[in-house]
Structures are given as structure tokens and as C-alpha cells.
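Going by this note's numbering, 566 is the number at position 101 of the sequence shown; the sequence numbering is gapless. We put the beta carbon where it would ideally sit given N, CA and C, even for glycine.
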Amino acid sequence: KKLNAKNRLDCWYLGIGPSATFEISKSEYVKDKYPFLKQSSPGTLIPDVAAGRYFHKLDMNVGVSYRKLRYGSSGYNVKLNYQRRSYTLETYKFLGDYHGFVPYVGPTLAYEDLQFTDTDGSNVKTFEAKKLALGIIFGWDIRISRSETWLLRTNLRYTPDLHLQAEGKKVMFDQMEFNFI
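Structure follows, in C-alpha cells:
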């Protein structure tokens, strides 16, 4: 009550935790060129680092996050490697407090650094794209009160149709990310 009276409940935060990714759509490039390869990401585990500011009166967050993802597939002398680095600005509004379960939703704007390497025998082709991408973040906090110093946050992030072009065809990077921070 004393902090609220002095308007001192806004705060900076730092978060770190594991994130898992799950493939949403298939790459047209791989489907057309290598139909014999299994086309699914292995559900990669990656670190998620976040920092931002919580605004108490509005009950919302504005923050940035960083994730680096690598995965690949191979078979029959073909090796495909995917790499994604995502620097994301995200804002989200909390939608009530249900006895410590506090859901939220909001938009994201990411700077995406995408790279895809296609190795077919000794022939290596690398495709890259750096782009801005819009997405959505939603999830929930587990918090006992709005003035906790530690809490558990669960994020789900999705950037629809995130891809790069390889020989005029799409290589997809639109994974669903599931994070515990």
C-alpha cells in the first residue's frame, strides 16, 4: 500500500528459462527438392532471455527477448541446417487475476536473422534473410500478488508465415515457441 501510494510499483525485470519449439508448417523448398526427407523439426530446446518493464497501474509488460535456434535433418547424402536468431520487442496486457493464475496476450515485433544451408553431397547452398516480422505472444503468470519479486511465467509465441526464399520457394521458420521463464 505504501509503494502504491508513492507510485513505486512499476519495475524492471530480467527473465531466463528454457524454450521449446514445434514446427507449424512444412517447407515447399524441401518438399519439392527432397521429398524423401522427413520434414519436421525435432522440438528443439533453446534458452530464452528476456528483460523489460512492468507497469503496475496498467497491469502490462513491455520487454525484449532473444532466442537462438538451430536444427536440421539429413539422409541420403543430403543435410539441411536451419538457424534462426530472433530479437523481439513484445508488449502484453494481463487479463485479470484468477487466484494467482494471470493470463495475458499481446503483439510482438521481431528482427529475424534466418539462415538455411542445403548440402547435397559436395554442393553447398546457403540462403539468408534478415527481416522484421509481426507475431503474437500469450500465456500466463503464476503469482500470489502483484508485488512479487519472483514469479513463474509461461509464454507461447507464434510468428505466422515466417520464412525465407530459396530458389523461389519458401523455407519455413514459423515454429510455435513454448517458454518457461
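* Roughly how many whole angstroms lie between the Cα atoms of GLU593 and LYS635? -> 12 Å
* DSSP three-state assignment for LYS555, whether helix, strand or coil -> Before going on, a small fix: residue 555 reads as Glu here, not Lys. It is a strand residue.
* Asked: So the beta strand (DSSP E) GLU488 belongs to, where does it begin and stop?
  -> 476-488
* To do: Have a look at LEU534 and ALA470 and give me their C-alpha separation to the nearest angstrom.
  => 44 Å
* To do: Assuming PHE559 and TYR569 form a contact by the criterion Cβ under 8 Å, report the distance between their Cβ atoms to the nearest whole angstrom.
  => 5 Å
* Coarse secondary structure for LYS466, derived from DSSP in three states -> coil
* What are the residues that DSSP puts in a beta bridge with LEU545? -> SER538, ASP583
* Asked: From SER587 to LYS544, what distance separates their C-alpha atoms?
  -> 10 Å
* Asked: Applying the criterion that 16 or more other CB atoms from any shown protein chain within 10 Å of the CB defines a buried residue, is VAL567 buried or exposed?
  -> buried
* Closest by CA to CYS409, which one among SER490, TYR499, VAL527? -> As displayed, the chain neither begins before 466 nor continues past 646, which places residue 409 out of reach and without an answer.
* Skipping 5 residues on each side, what residues in its chain have a beta carbon closer than 8 Å to that of ALA510? -> Checking the displayed sequence, the identity of residue 510 turns out to be Leu instead of Ala. Correct list, in chain order: PRO483, SER484, ALA485.
* To do: Report the rounded CA-to-CA distance for LEU579 versus TYR563, giving the unit in angstroms.
  => 39 Å
* Asked: Do you know how far the Cα of TYR541 is from the Cα of LEU621?
  -> 35 Å
* Looking only at C-alpha atoms, which of SER538, PHE520, ALA515 sits nearest to THR582? -> SER538
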